[in-house]
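Those sequence lines, one after another, are chains A and B. Number 98 in this note's numbering belongs to position 98 of the first sequence; there are no gaps in the numbering. Number 11 in this note's numbering belongs to position 11 of the second sequence; there are no gaps in the numbering. Before any comments, here is the structure.
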Amino acid sequence: GESVGLHLPTLSVQEGDNSIINCAYSNSASDYFIWYKQESGKGPQFIIDIRSNMDKRQGQRVTVLLNKTVKHLSLQIAATQPGDSAVYFCAEKDQAGTALIFGKGTTLSVSS
Amino acid sequence: ETGVTQTPRHLVMGMTNKKSLKCEQHLGHNAMYWYKQSAKKPLELMFVYSLEERVENNSVPSRFSPECPNSSHLFLHLHTLQPEDSALYLCASSQGPNSPLHFGNGTRLTVT
């Protein structure tokens, strides 16, 4: 069946470190991938997206890497800050191509 | 302010009640979605509306009934729910399947 998963449920880093959050996806036909951040009491917030014709995309302090060979997606956060503490979800398009399906999430904890 | 407003933020209802969740988007998007978020589970897609037509119903029980009267409003009508339906219900909108979803902050539903 369709599933999008993350390798680690939790990740703890020190302020200033770089963080890497990984995700394995299953729908090889998906042409669009996206990362979200969810803070307590709020809905998921868009971070960065990438289309399948790219293997890397950079934003402000964030980079998404896509490896279609092994169906792997990662989110890199540079100089992690306490405000980055949240749950991070990757998502891919479903088989119907009309919506996104989400992984279980990785909880990032940043200590100062 | 996410551009997607959900009301109420919290709802407690008995199993015999009928209630409705409301979602309004101010982003000019043409697609709207309902997702369910339960503890320790990935976000589950429930319904997809594109241009006010339902394009996906992800095997959701009939006790959940969506309504999309126009491209800016989405409702989820609830009746004879079960305690296991207690969850955070998230509404989102987008400008199509290859665009990010913009989420509201959700309605925290408790069924007693």
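For each residue, glycine too, the CB sits at the ideal point set by N, CA and C.
Query                                                                                                               : Result
Environment of GLY41/A [buried if 16+ CB atoms lie within 10 Å]                                                     : exposed
Under 8 Å between C-beta atoms of LEU108/A and ALA79/A                                                              : no
Counted within 10 angstroms of its Cβ, other Cβ atoms place GLY28/B as buried (16 or more) or exposed               : exposed
Cutoff 8 Å: PRO42/B Cβ touching any chain A Cβ                                                                      : yes
Residue span of the beta strand (DSSP E) that contains HIS79/B, given as start and end                              : 73-79
Outcome for GLY14/B when other beta-carbon atoms lying within 10 angstroms are tallied against a minimum of 16      : exposed
Opening and closing residue of the beta strand (DSSP E) in which ASN67/A lies                                       : 62-67
GLU56/B (DSSP reduced to helix, strand or coil)                                                                     : strand
Spatial neighbours of VAL12/B in its chain, beta-carbon cut-off 7 Å, leaving aside the 5 residues before and after  : THR110 and THR112
Enclosing beta strand (DSSP E) for ASN22/A [first to last residue]                                                  : 19-25
C-alpha distance - GLY106/B paired with GLY43/A, whole-angstrom precision                                           : 6 Å
Buried versus exposed, by CB contacts within 10 Å (16 or more), SER38/B                                             : exposed
Beta carbon of TYR33/B nearer than 8 Å to that of GLU44/B                                                           : no
Interface residues of the region 89-108 of chain A facing chain B [CB-CB below 9 Å]                                 : PHE89, ALA91, LYS93, ASP94, ALA96, GLY97, THR98, ALA99, LEU100, ILE101, PHE102, GLY103, LYS104 and GLY105
Under 8 Å by beta carbon: chain A residues contacting SER50/B                                                       : THR98
Segment contact, 8 Å Cβ cut-off, at least three pairs: the region 41-60 of chain B with the region 80-99 of chain A : yes
Reduced DSSP category for PRO8/B - H, G, I as helix; E, B as strand; rest coil                                      : coil
Separation of HIS10/B from HIS102/B, as counted between CA atoms                                                    : 20 Å
Helix, strand or coil at ASP49/A according to DSSP, with G and I counted as helix                                   : strand
Buried or exposed by the 16-neighbour rule on C-beta atoms within 10 Å, applied to ALA92/B                          : buried
Cβ contact (3+ pairs, closer than 8 Å) linking the region 8-17 of chain A and the region 67-82 of chain B           : no
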